[in-house]
Amino acid sequence: MTPSGSDETRPLRILQCASCFKAWGGAELHLLNLSEQLVKRGHEVHITAVPGKFVEEDAARRGIPTIPLHQRHTNDLPMLPKLQDIIREHQFDVVHVHGGREYVMPPLAAKLSHVPAVVMTRHFHKRVRSLRRWLYSKVLMDHVIAVADVVRNILIDSGFPPEQVTTIHHCTNVEAFSASSVTASSDAVRREWGIPPGENRLVVGFAGRFVADKGGDVFLKALARVPEVIGVMVGNGHAKEEWMRLAQQLGLGPDRLFWGDFRADIQNGLNAFDVFVLPSIYAEPCAAVVQQAMAMEKPVIGTRLGGTPEMIAEYETGLLVAAQDEESLAGAIRDLAQRPAEERRAMGERGRQRVVEHFSLSQMAERTENLYRKIISAKKGTPS
295 MTPSGSDETR PLRILQCASC FKAWGGAELH LLNLSEQLVK RGHEVHITAV
345 PGKFVEEDAA RRGIPTIPLH QRHTNDLPML PKLQDIIREH QFDVVHVHGG
395 REYVMPPLAA KLSHVPAVVM TRHFHKRVRS LRRWLYSKVL MDHVIAVADV
445 VRNILIDSGF PPEQVTTIHH CTNVEAFSAS SVTASSDAVR REWGIPPGEN
495 RLVVGFAGRF VADKGGDVFL KALARVPEVI GVMVGNGHAK EEWMRLAQQL
545 GLGPDRLFWG DFRADIQNGL NAFDVFVLPS IYAEPCAAVV QQAMAMEKPV
595 IGTRLGGTPE MIAEYETGLL VAAQDEESLA GAIRDLAQRP AEERRAMGER
645 GRQRVVEHFS LSQMAERTEN LYRKIISAKK GTPS
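So, in structure tokens, the structure goes:
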């Protein structure tokens with residue numbers, strides 16, 4: 295399948311598979327960011343995408359060609375000849391799958407078509423049953439990318455050989471999330487939320503989906519214990535009404551708690567916080583908003599779950615607390631509130647530096663490309 299000109303620096307032909315993704319989410323954004331970065335590195339990238347949905351539309355905005363395809367379930371057999379035709383037409387060097395429903399048909403089509411590198415990214419923190427593990431590890435995939443060490447560990451625990459699993463974290467656009475990216479002042483954004491001018495209490499904020507897994511109720515209970523700060527909840531979701539009722543019960547009135555809708559200019563919202571909190575009670579493998587808040591130079595408080603402890607350097611860039619522990623979270627908020635502003639600022643600066651050094655999109659793309667080339671070289675019996 296590999297085109298001629300097989301030196302180790304030639305551009306690769308890469309198919310990123312997103313034919314089961316219909317909405318916006320972390321995996322979708324990761325795939326699009328990775329594809330865009332690989333194009334910038336000189337590679338030819340196509341994305342299979344559900345027609346009319348987020349991935350197709352955003353790929354078009356970024357100038358990345360898409361192939362319309364909708365895989366409805368894992369064993370969607372009619373997809374197999376379609377995928378083989380697509381692979382044959384474009385002579386791909388790499389087929390890279392991301393969604394759970396795509397873990398069988400695209401890799402099988404790639405293997406039958408002798409694609410040199412077949413890669414799966416595991417975006418979630420869940421064990422793999424033995425039969426599936428055997429199928430992925432021994433038959434369908436050359437390599438598995440885990441989006442956090444916690445995901446890699448659970449894959450190895452499930453029986454994957456350690457040498458077959460590499461951690462490459464979801465990463466952040468450090469240019470889009472920076473002081474120079476801000477288009478509205480903190481004061482202006484705070485006024486939108488209803489915070490009065492001249493308010494000098496510490497602004498502690500959460501931004502994300504309003505769903506139970508995010509732990510918004512824990513955040514509200516913690517806020518009620520720290521009257522010297524004000525809180526902001528930014529986002530949308532079905533838990534909003536429940537959380538608003540809880541806030542009333544806790545006595546978090548309009549002088550203590552403010553609400554904002556989800557905003558496309560998330561960097562402006564994060565910039566208006568003094569401290570960012572992610573109180574998740576679910577083990578998020580690699581919460582993008584943690585990196586985004588750190589890139590915006592905000593101290594971050596997160597829970598000791600999933601991949602969050604891999605991103606926050608405790609006491610250097612933020613604090614970690616036990617999940618579902620309002621007292622522990624209140625203590626962390628109080629700790630940061632009582633520190634001098636200069637100390638919080640330094641913590642935020644170290645957070646940005648950590649993102650730049652370890653979690654930039656360019657690094658993610660470079661590591662992924664190096665992995666592709668290593669797989670291809672190993673199959674040819676040449677050093678990577």
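Numbering (the working numbering), first residue to last: 295 to 678.
Every residue, glycine too, gets a C-beta built ideally from N, C-alpha and C.
- The residues Leu325, Ser329, Ile341, His390, in chain order, have a CB closer than 6 Å to that of glutamine 310 in the same chain once the five nearest residues on each side in sequence are set aside.
- The beta carbon of lysine 534 is closer than 7 Å to those of Phe504 in its chain, skipping five residues each way along the sequence.
- The alpha-carbon of glycine 510 is positioned some 18 Å away from that of aspartate 568.
- If you look at glycine 554, you'll find it in the beta strand (DSSP E) that goes 551-554.
- Spatial neighbours of valine 344 in its own chain (CB-CB distance under 7 Å, excluding positions within 5 residues in sequence) are listed in chain order as Ser313, Phe315, Lys316, Glu350, His364.
- Shortest Cα-Cα distance from glycine 612 to any of Trp487, Ile595, Gly600 involves Ile595.
- In the three-state reduction of the DSSP assignment, glutamate 608 falls in the strand class.
- The alpha-carbon separation between glutamate 591 and threonine 662 amounts to approximately 27 Å.
- With a contact defined as Cβ atoms closer than 8 Å, leucine 332 and alanine 582 miss out at about 19 Å.
- Nearest Cα to glutamate 486 within the set Ile575, Asp555, Met641: Asp555.
- In the three-state reduction of the DSSP assignment, glutamine 310 falls in the strand class, which pools E and B.
- Distance check between glycine 394 and each of Ala404, Thr415, Arg382, Ala403 places Thr415 closest, using alpha-carbon atoms only.
- C-alpha of tryptophan 318 to C-alpha of glycine 625: approximately 34 Å in a straight line.
- In chain order, Arg503, Phe504, Val505 place their CB closer than 6 Å to the CB of glycine 531, counting only its own chain and leaving out the 5 sequence neighbours on each side.
- Taking alanine 587 as the centre and dropping the five residues before and after it, the same chain places the C-beta of Leu564, Phe570, Val594 closer than 7 Å to its C-beta, in chain order.
- Burial is judged here by how many other beta carbons sit within 10 angstroms of a residue's own beta carbon; alanine 635 has fewer than 16 and is exposed.
- Inclusion of proline 573 and threonine 602 in the CB contact set at 8 Å is not warranted, their separation being larger than that value.
- DSSP, read as helix, strand or coil, puts phenylalanine 653 in coil.
- Going by C-alpha positions, alanine 440 is about 38 Å away from alanine 518.
- Going by DSSP, histidine 437 is part of no alpha helix (DSSP H) but of the beta strand (DSSP E) stretching over 437-440.
- Between the region 425-445 and the region 456-475, the count of C-beta pairs closer than 8 Å reaches three or more; the two stretches touch.
- Scanning the region 375-450 from its first residue to its last, the whole alpha helix (DSSP H) runs of 4-plus residues come out as 399-406, 424-428.
- Within its own chain, no residue has a Cβ closer than 6 Å to the Cβ of arginine 304 once the five positions on either side in sequence are excluded.
- The beta carbon of alanine 501 sits closer than 7 Å to those of Val528, Gly529, Ile560, Gly563, Leu564, Val583, all from its chain and outside the five residues before and after it, given in chain order.
- With contacts defined as CB atoms closer than 8 Å, serine 474 and alanine 566 fail to qualify as a contacting pair.
- At least 8 Å separates the beta-carbon of valine 413 from that of valine 445.
- Taking the CA atoms as reference points, leucine 623 sits about 16 Å from arginine 633.
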